[in-house]
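Presented below is the structure to which this report refers.
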Amino acid sequence: MIFKNIVYLLITAAFSLQITAQQTASYTNDLVDYQKALLLYNNQQYQASQTLFTHVKKTAKDEVLLSDCDYYIANCAVRLNQQNADRLVTNFVENHPTSTKRNTAYVDVADYYFVNGKYSYARKWYNKVDESALGRSELNKFYFNNGYSAFSTKQYNDAKKYLSRVESTKEYGSQAKYYIGFMAYEGDDYDAANAYFEQVTDQERYKEKLSYYQADLNFKLGKFEKAIELAQTQIKKSDANEVSELSKIIGESYFNLEQYAEAIPYLTQYKGKKGKWNNTDFYQLGYAYYKQGDYEKAISEFNKIVGGRDATAQNAYYHLGESYINLNKKQEALNAFRNASQMDFDLKIQEDAWLNYAKISYEIGNPYQSVPQVLTAYLDKYPNTSYKDEVETLLIDSYITSKNYKEALRLLEGKNSFENKVAYQKVAFYRGLELYNDNNFHEAADLFNKSLKESKDAKFTSRATFWKAESDYNVANYDDALIGFKQFKQQAQSALTPEIANIDYNLAYTYFKQKNYPKAIEHFNQFLKNSNAEGVRLNDAYLRLADAHFVTSNYDEAIIAYENAIKAGEIDADYAFFQKAISVGYLGNSSKKISELEQFISKYQKSKLRDDAMYELGNSYVKVNNTEKAMQTYERLNTEYRMSSFVPKSLLRQGLVYYNDSKNEVALTKFKKVAGDYPNTPEAVQAVSTARLIYIDLGRVNEYATWVKSLDYVDVTDADLDNATYEAAEKQYLENNTDKAIKQFNGYLSQFANGLHVLPAHFYLAKMYTNKDLSDNAAPHYKYVVEATRSEFTEEALLNLSQFYLVNKNWNTVLPLLKRLEEEANFPQNVVFAQSNLMKANYQLENYSEAVSYAEKVLTNSKIDNKIKSDANIIIARSAMKTGNEAKAKIAYIEVEKTATGEMAAEALYFDAYFKNKDGKFEASNTAVQKLAKDFSGYKYYSAKGLVLMAKNFYALKDAFQATYILESVIQNFKEFDEVVSEAQTELSKIKTEEAKTNSSITTEEN
């Protein structure tokens, strides 16, 4: 047993020796490879070194050897910038907590990142280092490296903490002081920065940088001369970027020393931060130019300050305004002062800007608000201003000059001073004229009455008296009109007014409308004797004088007046010629009447009275027993003017001539045609009546009865009752008992729906409803007349029904009526009415070519007034714009501007500015917008559009401030016009995006 144990021990020992020998050889090999790997690491061959360390680690059993391999593998990963480097270092620390290289690993990794400029990574690992495990020399290096890493990553509190610990050391002191000084400089602690920089000025390595910082420090400490001295020394040896910054220091220093001439060259050399200036940079250079009296250049800098809302911007805008004033650019100055007045950073500047803004508004007008509003707002804000008397004087006058009478009236309501009452009288008068020119006669009369209640100025009292009478005349209130015209003529101041020239003309017309023809004749004669009238008015006076004589049977005088009208040659020569022929007939000279009517028919081929003349000529031939020529003339009328209201009359006359010649069958043919083709007309009634006599004479009563039954409008048994009922209603109508007449005519139509007199009954009912302003009631009756056979009532019915549909904007419905009126009207003014409204209706229906065609037709008429001319030209212009024909629109708007008033004139002026902008005439375009603002400020839509146009002009003229300020004002002040505001926002965004490329103070949505 003992032997066995000995043998076992010997065998075990031998085996153990064999294993130990093997382990020793393996460890030796690992150590050799480890040393090779370490040599590769020290030679910075990190990839090979890491591979070999990994190989050693696979076979190494020694804990220390394994720990060292992990340490170097992680270190190589760091130096090779491998993605898992941080994890490998962390694993090393966690897996080998007792390793002596634990703290060294942190330091090594941190130092590696530090040396390679990866300071944020370095900070991460320096924060893991145990400071207490470091030696003195290692500790100073750790403090500096960690402090500098914090400095580089702008962690200034940590940087100062660590750098302060080495600021007294020989190795790191100078660097630490420099960086601590720089952090003080960045933190605006200029005294501390200066103290630190002074301690390292002898260090060659910092001299170049310190010169810039010290120059800037002295500038910021208000030591401008020293800053200039240091910067000028440094600028000679600096690169381009530093030259820019040093130039800024020198320029601003001179600026603060008020040495503006010296400042300008340096301020202009500044390139800005990242190539951009800010608002302060533009302000300083602009102000330097301003102080030198170079206002053009001052403006070029100030107006780059876009959207500024601080004290610098307020100051800049105020001096921008002054610069514009010095160059007599008042519109530009208005915007600049307005902007400065809206800021309260400097209250003195605000008040001065307000005053300038108010005064310039008075001089040139204001597109944002009425001038009286601006002046009133100034007085409200500064009630104790030393300029109070001056501004109040401007305010009173502005109510007139602004021409925004509607707004001015609102502002003047309730102001009881004598001066304000004088202004109110004038403003109410001018507002009344505006309404009168827009055909709002009732409202105009109200305004003239308001003006008359404040009779402070005798001249305006006279003028208001006249125009109140004119308004009354236009609404057929002839009694009041006559009183007004007489009062005007008796007032002493009337002789000084422009209206006096035509007062007898107005009186004559009023008497004429009242059918007081002797008085009308008296005043027409006075007008023709005393006035210097010429042209259309003179021509018209002769015509109405002749008509008054004609109506009173003074045919000799009528003929003389008609001949004078023909000589005047302006209007209605055909009418005068025709009336003269009729007058000759009434004097019993049938042969001369025939001769003149024949001459008329030959001479006036296109006259609307030509069918009248043919009818009268036929009658005249009958009168002289020349029935052959009479019949020829009637037939000619029936053939050439089939739609004429004289055709049934002509046919009836032919029937009567045949009847008188006992040509009964031919006569019956004519009478039956009248009765069949023109039912319900007076001619049809007479034709039936005469035919009855013929049938009785021929003994063919049954045939008559059969024929009459075929006519649904003739009830023989009820004829007497029909006539009696109608005549009773007509009597009330003729006596102006309107309400009774309406009741009785409605009763007649209810009782005799197909009665003998339904046509005139419908017509007179329509007229009375129209006069009572019951147009909805009138319309169906006019419609009946229009749809009936053409009669003497057709033309007026067409006119009034068309007016009804036009007022209600029933464009499609009114078109055929207007076309009929154009073709059928006998009165030239009704043709003009039809054509002018055909152009308007077609425009509303977007039938632009038709609208233009009618407008051009209207313009060929020399008799139309300026308002219709303006309407026609505006239709041409608008249609051309709608169809993209701007060249044609431009010509048309020029014509509009010659004659238009009110909103139409504002539109024309806007497009004048628009086309000038299109042609690149930006300053001329702005002049037109200024005129629009001054003369038509009441028309806000065109004011707003004009401002957008002005903004575009200014930007094209390199004035970004004006452009942006105007657009911002449009967006703020004209919110009721979505389309205009949208355009302004688009333009503003484009401009700001462009300006932000060179001005860092501008913020945009894109930025």
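Those letters in the sequence shown? Residues -21 to -1, 1 to 986, per mature numbering (1 follows the signal peptide of the UniProt record, and there is no 0), in order. Idealized CB from N, CA, C, for every residue including glycine.
Assigned with DSSP and collapsed to three states, Asn568 falls in coil, not helix or strand.
For Gln211, the enclosing alpha helix (DSSP H) begins and ends at Phe203 to Ile214.
In terms of Cα proximity to Glu619, the closest of Asn821, Leu631 and Ser586 is Ser586. If you ignore the 5 residues before and after Ser599, its C-beta comes within less than 7 Å of the C-beta of Gly564, Ser569, Lys572, Ile573 and Leu576, all in its own chain and listed in chain order.
Taking the Cβ atoms as the reference, Ala527 lies roughly 12 Å from Phe506, outside the contact range of under 8 Å.
Shown here, Asn681 sits in a helix according to DSSP, grouped into three states. Rounded to whole angstroms, the gap between the alpha carbons of Phe420 and Ala448 is 10 Å.
Residue pairing by DSSP places Asn821 opposite no residue, since no beta bridge is assigned to it.
Burial is judged here by how many other beta carbons sit within 10 angstroms of a residue's own beta carbon; Val667 has at least 16 and is buried. As the crow flies, the alpha-carbon of Ser916 is around 20 Å from that of Val370. Using a C-beta cut-off of 8 Å, the segment 954 to 965 makes no contact with the segment 219 to 239, since fewer than three inter-stretch Cβ pairs fall below that distance. Taking a C-beta distance under 8 Å as the contact criterion, Val811 and Ile843 qualify as a contact pair. Taking all protein chains shown into account, Lys405 has 16 or more neighbouring C-beta atoms within 10 Å of its C-beta and is therefore buried. Here Leu800 is not near Leu824, since their CB atoms are 8 Å or more apart. Ala851 and Ala868 do not touch by the CB rule: their CB atoms are close to 14 Å apart, not below 8 Å. Contact fails between the segment 392 to 401 and the segment 416 to 430, because fewer than three Cβ pairs, one in each stretch, are under 8 Å apart. The Cβ atoms of Ser349 and Glu311 lie no closer than 8 Å to each other. Here Gln62 is exposed: its Cβ has fewer than 16 other Cβ atoms, across all protein chains shown, within 10 Å. Residue state for Lys438 is assigned as helix, using DSSP reduced to three classes.
Annotation for Leu431: the continuous alpha helix (DSSP H) segment containing it runs Phe420 to Lys432.
The alpha-carbon of Ala525 is positioned some 52 Å away from that of Asn345.
Boundaries of the alpha helix (DSSP H) around Trp104: Tyr98 to Tyr105. Under the 8 Å Cβ criterion, the segment 246 to 257 counts as touching the segment 972 to 980, having at least three qualifying pairs. In the three-state reduction of the DSSP assignment, Asn282 falls in the coil class, being assigned neither a helical nor a strand state.
For Thr291, the enclosing alpha helix (DSSP H) covers residues Ala290 to Asn305. DSSP, reduced to helix, strand and coil, places Lys762 within a helical segment of the structure shown. Distance from Phe901 to Leu936 at the Cβ level is roughly 5 Å; contact confirmed, criterion being Cβ atoms closer than 8 Å. Here Lys80 is not bridged, per DSSP, to any residue. The beta carbon of Leu486 lies closer than 6 Å to those of Phe464 and His502 in the same chain, with the five residues before and after it left out. Sorting Gln964, Thr943, Glu966 and Glu962 by C-alpha distance to the C-alpha of Asn314 places Thr943 at the top. Tyr92 places its beta carbon 8 Å or farther from that of Tyr85. Contact between Lys139 and Met162 is confirmed by a C-beta separation of about 6 Å, below the 8 Å threshold. Lys252 is bridged by DSSP to Lys255. Within the segment 508 to 551, the runs of alpha helix (DSSP H) that reach at least 4 residues and sit entirely inside it are, in chain order, 514 to 530 and 534 to 547. Of the other Cβ atoms in all chains shown, 16 or more fall within 10 Å of the Cβ of Ala767; this residue is therefore buried. For Ala337, the uninterrupted alpha helix (DSSP H) segment begins and ends at Leu326 to Ile343.
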